[in-house]
Amino acid sequence: MAEHLASIFGTEKDRVNCPFYFKIGACRHGDRCSRLHNRPTISPTLLLSNMYHRPDMITPGVDSQGQPIDPRKIQEHFEDFYEDLFEELSKFGEIESLNVCDNLADHMIGNVYLQFKEEDQAAAALQALQGRFYSGRPIIADFSPVTDFREATCRQYEENSCNRGGYCNFMHVKMIGRDLRRKLFGRYKRFNSRRSRSRSRSLSPRKREHRDRERDYKRRSGDRHDRYERDGGGRKRRESPRGRSRSPVRDGSEERRARIEQWNREKEEKEQNQPRED
Ligand SMILES: [Zn+2]
Ligand SMILES: [Zn+2]
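Take 1 as the starting number for the sequence shown in full-length UniProt numbering and just add one per residue.
In structure tokens form, the structure reads like this:
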């Protein structure tokens with residue numbers, strides 16, 4: 001019996017635990033769901049709910065005045081956000097993945113999933129995010145049960161064939177360009193397989209297990225990072241096939257520094273306004 005329950009945990013057959021919350025970390029029924037949402041008390045993954053506000057919030061591709069927006073502008077806006085967040089949160093540890101949803105339903109729009117290498121890094125980041133604001137809105141962060149994004153993402157979306165569109169209940173992960181991906185994730189040298197192989201002898205058992213899982217996954221389905229890398233070359237995508245691969249270099253952008261400063265200022269102001277314990 002226990003074995004049976006374990007085998008159906010978080011699947012459609014499980015009448016107790018919500019499969020959507022379990023796999024995707026978000027369910028359209030929210031707190032009114034008839035099945036259980038088991039919130040983890042610790043996880044390497046954080047969910048920052050509804051954090052990314054796209055410039056075409058009301059209708060995709062169109063601004064609030066009804067004017068079409070250049071897809072390159074939309075992508076640039078997104079990549080600025082992505083880079084801000086990455087730089088700010090990589091202070092807490094190695095970022096394993098940073099996924100932002102392109103979905104439109106309320107429970108998923110603008111959701112950011114941030115997976116660290118280690119749980120304690122996620123815990124430190126979560127603590128630091130408490131009471132912080134981004135672009136004038138409070139950041140709502142929590143641990144997420146999602147650790148395997150293959151289970152959470154929509155395969156059809158990646159193949160450009162999801163007919164549920166923005167209201168799909170699986171993650172539609174927004175892509176970043178090859179240059180930005182290399183700039184941000186390249187620092188971890190994960191792409192250099194030869195070097196990481198020679199270093200891997202000194203890995204802890206837990207890391208070794210993780211690496212083996214990762215390798216196994218790569219064998220089965222091709223590395224996700226490699227798939228992103230291929231975006232620039234040849235494969236046609238729905239939006240802005242040219243813009244994606246040509247993200248302009250925004251090293252040391254004044255504007256971005258200003259935004260991060262504002263971000264920190266808001267935090268300081270908030271702290272100053274809070275009553276002290278002593
Ligand atoms: Zn649910
Ligand atoms: Zn889909």
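Just so you know, even glycine gets a beta-carbon here, dropped at the ideal spot from N, CA and C.
Distance, residue j Cα to residue i Cα
i           : j           : result
residue 188 : residue 94  : 8 Å
residue 13  : residue 171 : 21 Å
residue 47  : residue 163 : 26 Å
residue 147 : residue 116 : 10 Å
residue 89  : residue 125 : 7 Å
residue 184 : residue 114 : 14 Å
residue 71  : residue 15  : 43 Å
residue 17  : residue 108 : 19 Å
residue 151 : residue 39  : 18 Å
residue 158 : residue 145 : 22 Å
residue 41  : residue 143 : 7 Å
residue 64  : residue 54  : 11 Å
residue 161 : residue 167 : 14 Å
residue 19  : residue 11  : 5 Å
residue 69  : residue 118 : 39 Å
residue 82  : residue 153 : 18 Å
residue 111 : residue 99  : 8 Å
residue 79  : residue 59  : 20 Å
residue 7   : residue 66  : 49 Å
residue 91  : residue 122 : 11 Å
residue 28  : residue 106 : 8 Å
residue 32  : residue 23  : 18 Å
Residue i beta carbon near ligand 1 (any heavy atom closer than 7 Å)
i           : result
residue 284 : Given that the chain is displayed from residue 1 to residue 278, the structure contains no residue 284 and the question cannot be resolved.
residue 37  : yes
residue 20  : yes
residue 154 : no
Any non-hydrogen atom of ligand 2 closer than 7 Å to residue i Cβ
i           : result
residue 107 : no
residue 289 : Residue 289 lies beyond the stretch modelled for the chain, which goes from 1 to 278, so this question has no answer here.
residue 181 : no
residue 101 : no
residue 164 : yes
residue 27  : no
Quiz item: Taking only runs of the beta strand (DSSP E) that begin and end inside the UniProt domain "RRM" (44-146), which ones reach a length of at least 3 residues, in chain order?
Solution: 45-48, 95-100, 112-116, 141-143
Exercise. Would you be able to state if there are at least three C-beta pairs under 8 Å between the region 172-180 and the region 75-89?
Key: yes
Quiz item: What are the complete alpha helix (DSSP H) segments, minimum 4 residues, inside the UniProt domain "C3H1-type" (148-175)?
Solution: 149-152, 155-158
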